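Step one of this worksheet: look at the structure below.
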Amino acid sequence: MAAAEPGSTGQATQQSQGQSHRPPPSSPAPPSQVGGPAGGSSRHEKSLGLLTAKFVSLLQEAQDGVLDLKAAADTLAVRQKRRIYDITNVLEGIDLIEKKSKNSIQWKGVGAGCNTKEVLERLRDLKAEIEDLELKERELDQQKAWLQQSIKNVMDDSINNRYPFL
């Protein structure tokens, strides 16, 4: 009395004839294919944040801080140029870049002492100087501790207790 399910005989016929069975279009993809290596690049690799970081590093390496947006899109392998324009609109909105022409932008900080490579070199130099100063500070602290201990030893010596004001 059980009624046959519609399409069940068709599936059995297809399988018996050597044709592959495909899941209906409404079923989700297996978990191994969602965002995994077999399914292409992960969601993180496509994120706007990561794309922005790569874009800014391209901008930092650009000659005189001027970057061609078409070249940037090609270099970053962006399928949707809209994502590049989203990034430039935000950077322009917070006054970090300005449009030179329709397809090129310039970092506003470019100039003597403001180029990002120069800033990075200066930062490296300052960090090295800080390390040197911290080493000198530790040496001075050690010498100060020795002097304080020497003064304490002199003050605690019973022979010197007889002449406290000399």
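Be aware that the sequence shown starts at 1, since it is given in full-length UniProt numbering, and climbs by one per residue. Backbone N, C-alpha and C define an ideal beta-carbon position, used for all residues, glycine too. From a predicted model like this one, the values you see are computed outputs, not experimental measurements.
Spatially closest choice to Lys70 from Trp146, Ser101 and Leu140, by CA coordinates: Translated into positions along the sequence shown, residue 70 becomes position 70. Comparing Cα-Cα distances from Lys70 to each of Trp146, Ser101 and Leu140, the minimum goes to Ser101.
When you compare only the Cα positions, how much space is there between Thr52 and Leu126? Stepping through the sequence shown from its first residue, residue 52 is reached at position 52. Stepping through the sequence shown from its first residue, residue 126 is reached at position 126. Roughly 27 Å separates the two Cα atoms.
If you measure from the beta carbon of Val56 to each beta carbon in chain D, is any gap under 8 Å? Here chain D cannot be found, since the structure has a single protein chain.
Give me, in chain order, the residues of the same chain whose beta-carbon lies closer than 7 Å to that of Ala72; leave out the 5 immediate sequence neighbours on both sides. The residue you call residue 72 lines up with position 72 of the sequence shown. Once the five neighbours on either side are set aside, the close Cβ partners of Ala72 are Phe55, Leu58 and Ile84.
Go ahead and pull the three-state DSSP assignment for Leu96. Here residue 96 refers to the residue found at position 96 when the sequence shown is read from its first residue. In the structure shown, Leu96 sits in coil (DSSP, three-state: anything other than H, G, I, E or B).
Does Leu120 pass the burial test, meaning 16 or more other C-beta atoms within 10 Å, or should it be called exposed? Looking up residue 120 in the sequence shown gives position 120. With fewer than 16 other Cβ atoms within 10 Å, it is exposed.
Residue from Lys81, Gln142, Trp146 and Asp64 with nearest C-alpha to Glu118: Your numbering for residue 118 matches position 118 in the sequence shown. With distances taken between Cα atoms, Glu118 lies closest to Asp64.
For Trp107, write down the residues that DSSP places opposite it in a beta bridge. Locating residue 107 in the sequence shown gives position 107, where the first residue counts as 1. For Trp107, which the question treats as bridged, DSSP gives the partners Ile97.
Own chain residues within Cβ distance below 6 Å of residue 182, not counting five before or after: Lying before the first or after the last residue shown, residue 182 is absent from the chain, which here runs from 1 to 166.
Quick check: Leu76 and Ile105, are their CB atoms within less than 8 Å of each other? Sequence index remark: in the sequence shown, residue 76 carries index 76 (1-based). Sequence index remark: in the sequence shown, residue 105 carries index 105 (1-based). Against a cut-off of 8 Å, the Cβ pair of Ile105 and Leu76 comes out as no contact.
How long is the line joining the alpha carbons of Arg162 and Ala145, rounded to whole angstroms? By one-based count along the sequence shown, residue 162 stands at place 162. By one-based count along the sequence shown, residue 145 stands at place 145. If you take the alpha carbons of Arg162 and Ala145, they lie about 26 Å apart.
Taking the Cβ atom as the reference point for each residue, do Leu96 and Lys81 lie within a distance shorter than 8 Å? Stepping through the sequence shown from its first residue, residue 96 is reached at position 96. Stepping through the sequence shown from its first residue, residue 81 is reached at position 81. In this structure, Lys81 does not lie closer than 8 Å to Leu96 by Cβ.
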